[in-house]
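Working notes, structure below.
Protein chains: 2
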Amino acid sequence: MISKRMQKSLEEAISIRDIFEEGKKLAAIYGKENIFDFSIGNPSVEPPAIVNDTMKEILDTQAPLALHGYPSNVGHPEVRQCVADYLNGKYAASYGVENICMTSGAACAIALLCNTLLDAGDEVVTFAPYFWEYKSYVETLYGKLVPALCNQETLQPDETTFRAAFSEKTRIVLINTPNNPTGAVYTEESIKMVANVMREMEEKYGHPIYLISDEPYRKLSYGIEIPFIPDYYDDTIIVYSYSKTLSIPGERIGYAALSPKMADVNEVFAGLTASMRYMGYVNAPSLQQKMLLKCVDAAVDVSVYEKNRNLLYDSLTQIGYECIRPDGAFYLFMKALEEDDWEFCQRAKKERILMAPGKAFYGPGWVRISYCVPYQIVKDSIPAFKRLYDSYQ
Amino acid sequence: MISKRMQKSLEEAISIRDIFEEGKKLAAIYGKENIFDFSIGNPSVEPPAIVNDTMKEILDTQAPLALHGYPSNVGHPEVRQCVADYLNGKYAASYGVENICMTSGAACAIALLCNTLLDAGDEVVTFAPYFWEYKSYVETLYGKLVPALCNQETLQPDETTFRAAFSEKTRIVLINTPNNPTGAVYTEESIKMVANVMREMEEKYGHPIYLISDEPYRKLSYGIEIPFIPDYYDDTIIVYSYSKTLSIPGERIGYAALSPKMADVNEVFAGLTASMRYMGYVNAPSLQQKMLLKCVDAAVDVSVYEKNRNLLYDSLTQIGYECIRPDGAFYLFMKALEEDDWEFCQRAKKERILMAPGKAFYGPGWVRISYCVPYQIVKDSIPAFKRLYDSYQ
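Chains as they are written, first to last, in the UniProt record's numbering: chain S, 1 to 393; chain V, 1 to 393.
What follows is the structure in structure tokens.
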């Protein structure tokens, strides 16, 4: 007998799990290469060679007991320094080792920050559509996620819905740019609006409101500058993952970077440290931490994703689909051809196309196409997308 | 500004953090080798060579994208099968792949299970003294930890306090044998008592009460048989970590094994799967999972710890200290020489001996000595323990 809240959550989640299950079934029937599986965000570009080379070098040269022993909860100091140096060099920031907490990916960092900052019933504002697990991270710690709907033409933050989302219980605003599920990169204008409204709300409610910037896709952008959020708002915490940058999502390594300018920075860091223990993490995997000493500025070949993006966007719009041109990440958000995006996804399966319905992201009427797949799959899928489109005419 | 509950928790935790900080200061003044640091449970025996050899072989032979990609939330199926086979072979059990969830260590597994099984205010019973983080795992998920004091002569579970700890809100009993902090191994008689009382309470309250058996020290026992808990109680979940068995606590790898005989096993497994996502874990580190395919039955040289245990126990009792002879783990529980165990630890520092006060483990009047240190440190510490003892006569 599981808890009532878990029972409720599992019932709500069934629709999403169904996509993956049906995908597996289809692959079993038709063969994996004959399914256009755009349903999940699993990187498709090889990790840079330096990743494995570094791991092997560490295993060959470092004393195993120390290498695999407990680091501090917040990580190896030299690794934290290395991350601080990287950020300072790239963004002219002034992070110190005391501002960096190594985490088991960005999801871990968000969960830890929810545990650090939220009492029961406290609120987290995020822009919708949003990555579906955001709700779970917040609700697991008894908080409440409050979505602010983006402008439905541009998928940029909208000032009116954003303002309306605040209350005296708001402790966190959680943003994600480049965005999952939309592929949108927030413009500098959007970031300035977010920062201005947040400063006003801090003033109004008389307490800090932290901006958590979830940035696993920062290095996956296509010819566009991504504003460095702490330059616009002091109370900013960057949460980062190497999952996509290095194509190592199974290894769970990332960090939280607390702006040295933010309110109560030491107190929040202490809470983060304690949360590493309280939530059972203890520390981010030691070998993966040490790997970063050589790989902190490495990255996968992003042009592979860009090539997919170009072919898919151009082809789909040419067919007649309405899409937002994604500037980053590896997702394309497309309008469904009927009101019910779930039904649209069901119909697409007849063409062996698997997509995630927008409903799952609080973005009803849309679908998410994850184009982190081999180029050939994108190419082969175009006639199927054409047939799907024609079936609605 | 952090949450009120985190603020409260950090204030309560200060005393424990102080030990570690003072230890570092002492080491800086006198040199690490001149400090008898028995304060923390960091393994001191080299990992078996097969651990690093296997990791290197995997890195050399497996396709990086698949190796470091996302496995299922619950882990690679072949690794889960390997763990099931190991348990079935060793204990004549009948685990299937569907009963094993790979986790980022045992702490992770306990936290996930609390999230799966507890609604706010639900209760978890554990035997005191207990590992201090147990309280945090439970309270982080808004549960309540209810301690049942062990028999103070034997440090075995006590039936009277155990019975008194139950209420209609009890969902979990959490046990740890071999035990941190006491080093006690629960006897078969103790386990039978626990199982009988729990069956009675399940009957009385009309719902399953799950026994979580936290077993990171199972392979660290000295000539004593450790009962296999699922043989005594159907609703048992083993949570295991390779941190101590393979001396790799920094890498965070372990599992939860749900007895095929337990109530609502599939529902609990689904909750565990969802909790991997909801708490931000996503999956246990992929490389470390695959390492287990060759290392599932490897273990460190336990005789090193046993040698420390023998010298320390014999010497301390000869001096006149009152100790419980530890049958497993690498902890020795010793009576403080004054009522206030914190003050006793402070006084021991004058002899450069660092120990953890029993208060921190809900075991006031005792101290925990972690003997996972070089043999020479144990040897050199004996005269210091003698001087400490004499100072009280």
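The C-beta atom is built at its ideal place from N, Cα and C for all residues, glycine as well. Model, not experiment: these values are computed from the prediction.
Query	Result
Limits of the alpha helix (DSSP H) - the one that residue 262/V falls within	Counting along the chain, residue 262/V falls outside any alpha helix (DSSP H), and DSSP gives it neither H nor E.
Continuous beta strand (DSSP E) assignments of at least 3 residues falling wholly in the segment 116 to 204 of chain S	123 to 128, 144 to 149, 170 to 176
Every unbroken alpha helix (DSSP H) within the segment 341 to 376 of chain S, with a cutoff of 4 residues, ordered by chain	341 to 349
Proximity test, Cβ basis, 7 Å: residue 271/V and chain S	yes
contact_flag[the segment 107 to 120 of chain V, the segment 82 to 92 of chain V] where n(CB pairs < 8 Å) is 3 or more	no
Beta bridge counterpart(s) of residue 83/V as assigned by DSSP	None, per the DSSP bridge assignment.
Contacting positions in the segment 191 to 216 of chain V - beta carbon closer than 7 Å to chain S	207, 208
CB of residue 257/S within 7 Å of CB of residue 103/S, strictly	no
Contact check, residue 19/V vs residue 39/V, beta carbons under 7 Å	yes
Length of the line joining the Cα atoms of residue 127/S and residue 202/S	18 Å
Where the beta strand (DSSP E) through residue 210/V begins and ends	210 to 214
Neighbourhood of residue 112/V by C-beta distance below 6 Å, restricted to the same chain and skipping five residues each side	272, 275
Three-state secondary structure (DSSP) of residue 317/V	helix
Of the residues 169/S, 296/S, 191/S, 306/S, the one placed nearest residue 220/S, counting alpha carbons only	306/S
Cut-off 8 Å between Cβ atoms - residues of its own chain near residue 377/S, not counting five sequence neighbours on either side	33, 36, 37
Coarse secondary structure for residue 303/V, derived from DSSP in three states	helix
Reference residue 286/S; option with closest CA among 243/V, 180/V, 313/V	243/V
Neighbouring residues, chain V, relative to residue 266/S (Cβ below 7 Å)	The premise fails here: residue 266/S is roughly 10 Å from chain V at the closest Cβ pair, so nothing lies under 7 Å.
Contact with chain V by residue 52/S, beta-carbon distance below 7 Å	yes
Reduced DSSP secondary structure (H/G/I, E/B, other) of residue 53/V	helix
8 Å Cβ cut-off: residues of chain V touching residue 277/S	107, 133, 136
Pair within 7 Å by beta-carbon distance, residue 371/S and residue 320/S	no
Contacts that residue 326/S makes with chain V (C-beta to C-beta distance below 9 Å)	Near residue 326/S there are no residues of chain V at all, since even the closest Cβ is about 21 Å away, more than 9 Å.
Proximity winner among 290/V, 367/V, 250/V, 262/V, relative to residue 288/S (alpha-carbon distances)	250/V
For residue 331/V and residue 44/V, the rounded distance between their alpha carbons	13 Å
Unbroken alpha helix (DSSP H) run spanning residue 286/V, endpoints	286 to 295
Chain V contact for residue 368/S (CB, 7 Å cutoff)	no
Beta-bridge pairing of residue 239/S - partner residues as DSSP gives them	214/S, 256/S
Whole-Å CB distance - residue 82/V paired with residue 296/V, under 8 Å assumed	5 Å
Buried versus exposed call for residue 195/V [16 or more other C-beta atoms within 10 Å across all chains shown]	buried
Alpha carbon of residue 155/V to alpha carbon of residue 135/S, nearest angstrom	43 Å
Partner residues on chain V for residue 394/S, Cβ-Cβ distance less than 8 Å	Coverage of chain S is limited to positions 1 through 393, which leaves residue 394/S absent and any answer about it impossible.
Chain V contact for residue 412/S (CB, 7 Å cutoff)	Nothing about residue 412/S can be read from this structure; chain S reaches only from 1 to 393.
Reduced DSSP category for residue 234/V - H, G, I as helix; E, B as strand; rest coil	coil
Cβ shell of residue 42/V (< 6 Å), same chain only, five flanking positions each side left out	none
Whole-angstrom C-beta distance between residue 178/V and residue 270/V, which should lie under 8 Å	Residue 270/V to residue 178/V, Cβ: 31 Å. No contact.
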